[in-house]
Amino acid sequence: MLSDNLTALSTLRGAFIFASLIGLSVPVSASTAPAISIEIPRLQVAEYHRPYIAVWLSDASQQRIADIAVWYDVAMARDEGSKWLPDLRQWWRRSGRSLTLPVDGVSGATRPVGTHHIDMPQHILDQLEPGDYIVHIEAAREVGGREHLQLKFSVNTQGAFKINHSTLQGEHELGRVTLSL
Amino acid sequence: MKATKMTTAALLSAVVFASLSSTPAHAHRAWILPQVTVVAGDEPMVSLEAAISNDIFVADYRPFNAQSLLAYDHAGQPIDLENVHSGRFRTLADLPLTTPGTYRVVSASAGLNARWVEADGTRGGFPGRGQGFDDDALMDAIPEHADNVQISQVSRRIETFITHGAPRFDVIEPTGRGLEMRYVTHPNDLFSGETAYFQLLIDGEPAAHTNVTLIKDGMRYRNQQQDLTITSNSNGELQIPFAEPGMYWLEARYEDEQAQPPATKRSGSYVVTLEVLPE
Chain Y
26 MLSDNLTALS
36 TLRGAFIFAS
46 LIGLSVPVSA
56 STAPAISIEI
66 PRLQVAEYHR
76 PYIAVWLSDA
86 SQQRIADIAV
96 WYDVAMARDE
106 GSKWLPDLRQ
116 WWRRSGRSLT
126 LPVDGVSGAT
136 RPVGTHHIDM
146 PQHILDQLEP
156 GDYIVHIEAA
166 REVGGREHLQ
176 LKFSVNTQGA
186 FKINHSTLQG
196 EHELGRVTLS
206 L
Chain E
8 MKATKMTTAA
18 LLSAVVFASL
28 SSTPAHAHRA
38 WILPQVTVVA
48 GDEPMVSLEA
58 AISNDIFVAD
68 YRPFNAQSLL
78 AYDHAGQPID
88 LENVHSGRFR
98 TLADLPLTTP
108 GTYRVVSASA
118 GLNARWVEAD
128 GTRGGFPGRG
138 QGFDDDALMD
148 AIPEHADNVQ
158 ISQVSRRIET
168 FITHGAPRFD
178 VIEPTGRGLE
188 MRYVTHPNDL
198 FSGETAYFQL
208 LIDGEPAAHT
218 NVTLIKDGMR
228 YRNQQQDLTI
238 TSNSNGELQI
248 PFAEPGMYWL
258 EARYEDEQAQ
268 PPATKRSGSY
278 VVTLEVLPE
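Protein chains in written order, with the working numbering: chain Y, 26 to 206; chain E, 8 to 286.
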């Protein structure tokens, strides 16, 4: 599979960065932190609504660590847009249902078709212990479907990042999603 | 403690639908079905239907008695169902979930039931068909010359849960009366591919070695019922592997001889509708 090849490539790249970090004793900075890109595909459907999308970070056992972004109909009167947030089922379960929405720095408006970039917030990265992590991207669309993709990275004992699963191609509600340094 | 498989006909006539029991021995099942069980937003409302039917969640026999349907809010306080209507086959209602939390919609009763044979050989019973329990009046209702008097302690409970926002356990704790479920896994936190942990209780004590029947919705569109029977362990605990998402009808039946005098038998039935979401 394409994604497997890319994973192998990114492992090499991660190893290279890891090696250079040790050599220079450079602390982790934002420029070497994982960034996420999410493609919202153009769909040929009779009735199109922009998808709701949640992006969050969990540990390897799926325990949520932090929300990164939630894009939904934030501007509707009386927060009516939040009615459909449970359609982001895994995010709703792991996080949304316990939150008071909207959340500053996380909630945002729905995005149009195209590729969107998100930097992982430094305050989240700062709290990561060495270990394996998953970036979750879940999308749900009104009168459409739902899709949940998971990208993986790890943090070593020196605090350097390594991408273990750098890209996936969505099949329904998401296009290509990538995690890169 | 002894668990017994009662026949459907016996259970129907003795306990559950005393008022409806002059029917053939079809598997009439009672259910309260919410359209969705997980909601959010500004004062969401959920539509419910309730019926007694052969086919799970397809109303093909009788509407549920609307007067017996009760709703409890996030704080365990009774609230009114709205737009309650009984048609020929089903009862409809709307549940307002004004404040976040877990809500319960339930029909439950518990009390003493007597059966006897009159001096002339005809059979008698109390409470009569369609009548509620009245334990204080029970002994006076049994004729002096009645024969084969059998007094049973019976309970029935049919319920479902709906959660606005985060699920809460405090308002779904068992009452300690009749056959009930303690939810170790929250009933509104069920996902396919995961195992749910529940505990069956009879009068607040573990209901050991009791059979539970689980049937998924969509029965009409498959050739077999595909019912799953799971038996509780010695501590009343159940492990339920939900393989597929969907609405599930779960029924437990219990019977033993550990009744409080004057009753000599104790029995209970429990039904819950559970929604399992895709992983």
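Ideal Cβ positions, reconstructed from N, Cα and C, are used throughout, including at glycine.
Measure how close the beta-carbons of residue i and residue j come, nearest whole angstrom, since I'm counting them as under 8 angstroms.
i	j	result
E/S199	E/E264	The pair is not a contact, with the Cβ atoms about 39 angstroms apart (cut-off 8 angstroms).
E/R227	E/D62	6 angstroms
Y/E64	Y/R201	5 angstroms
E/L88	E/V46	Their Cβ separation, rounded to whole angstroms, is 16 angstroms, which puts E/L88 and E/V46 out of contact at 8 angstroms.
E/E262	E/V278	About 16 angstroms separates the two Cβ atoms, so there is no contact after all.
Y/A58	Y/L150	5 angstroms
Y/N189	Y/S205	At roughly 12 angstroms, the Cβ-Cβ gap does not stay under 8 angstroms, so Y/N189 and Y/S205 are not in contact.
Y/A13	Y/E172	This structure gives no information on residue 13 of chain Y, because the portion of chain Y shown stretches from 26 to 206.
E/A121	E/V156	6 angstroms
E/P268	E/G243	Actually they are not in contact, since the Cβ atoms of E/P268 and E/G243 sit about 24 angstroms apart, beyond 8 angstroms.
E/D154	E/V124	4 angstroms
E/T98	E/F71	4 angstroms
Which class does residue i belong to by DSSP, given the choice of helix, strand or coil?
i	result
E/I149	coil
Y/G121	helix
E/V178	helix
Y/I188	strand
Y/I149	helix
E/G48	coil
E/A144	helix
E/T280	strand
Y/S50	Because Y/S50 sits at a pLDDT of 39, beneath the cut-off of 50, its placement in the model cannot be relied upon, and the point is left open.
E/Y261	strand
Y/T135	coil
E/R227	helix
E/T271	coil
Y/S56	Legend: pLDDT at Y/S56 = 46, less than 50; position of this residue unreliable, value from coordinates given subsequently. Y/S56 falls in the helix class under three-state DSSP.
Y/L126	coil
E/R130	strand
E/Q233	coil
E/R184	coil
Y/Q17	Nothing can be reported for residue 17 of chain Y, as the shown portion of chain Y is limited to 26 through 206.
Y/L204	strand
Y/E154	coil
Y/D84	strand
E/Y255	strand
Y/N181	coil
E/M8	Summary for E/M8: the model assigns pLDDT 39, below 50, so the residue's position carries little reliability, and this model does not support an answer.
Determine whether the beta carbon atoms of residue i and residue j lie at a separation below 9 angstroms.
i	j	result
E/L102	E/V113	no
Y/G156	Y/E198	no
Y/R118	E/D196	yes
E/H81	E/P107	yes
E/I237	E/I222	no
E/Q160	E/K272	yes
E/T192	E/A203	yes
E/A58	E/I158	no
Y/Y158	Y/I90	yes
Y/D92	Y/V131	yes
E/T109	E/R175	yes
E/T217	E/M254	no
Y/A134	Y/A100	yes
E/P150	E/G132	no
Y/L113	Y/G106	no
E/E201	E/F249	yes
E/S75	E/R69	no
E/F64	E/D224	yes
Y/R75	Y/R136	yes
Relative to the C-alpha of residue i, which residue among the options is closest?
i	options	result
Y/H142	Y/R67, Y/V80 and Y/V70	Y/V80
E/M188	E/R175, E/L207, E/I179 and E/H171	E/L207
E/S162	E/M146, E/D142 and E/F176	E/D142
E/D67	E/T271, E/T109 and E/A37	E/A37
Y/T125	E/D49, E/L119 and E/A148	E/D49
Y/Q152	Y/D84, Y/L176 and Y/S123	Y/D84
Y/G195	Y/I162, Y/A60, Y/W116 and Y/Q115	Y/I162
E/G172	Y/P76, Y/S123 and Y/R75	Y/S123
E/G94	E/S116, E/R229, E/L235 and E/A73	E/A73
E/V91	E/G132, E/S54 and E/S276	E/S54
Y/I109	Y/V168, Y/G139, Y/R67 and Y/E154	It is worth fixing the name first, because residue 109 of chain Y is Trp in this sequence and not Ile. Selected option, being the one with the closest Cα: Y/V168.
E/S274	E/A215, E/D224 and E/I209	E/I209
Y/Q115	Y/L174, Y/L193 and Y/T203	Y/L174
Y/D144	Y/V160, Y/R75 and Y/P137	Y/V160
E/L245	E/L40, E/N230, E/A215 and E/H35	E/A215
E/F140	E/T129, E/A78 and E/A117	E/A117
Y/H148	Y/L82, Y/T140 and Y/T192	Y/L82
E/A270	E/A78, E/L119, E/E56 and E/H35	E/L119
Taking Cβ positions only, does residue i come closer than 9 angstroms to chain B?
i	result
Y/W109	The chain labelled as chain B is not found among the protein chains of the depicted structure, namely Y and E.
Mind pulling the beta strand (DSSP E) runs of 3 or more residues that sit fully within the region 87-116 of chain Y?
As far as the region 87-116 of chain Y is concerned, its whole beta strand (DSSP E) runs of at least 3 residues are 89-96.
What runs of the beta strand (DSSP E), each 3 residues or longer, lie entirely inside the region 28-115 of chain E?
Here the runs fully enclosed are 36-41, 52-60, 77-79, 89-93 and 98-103.
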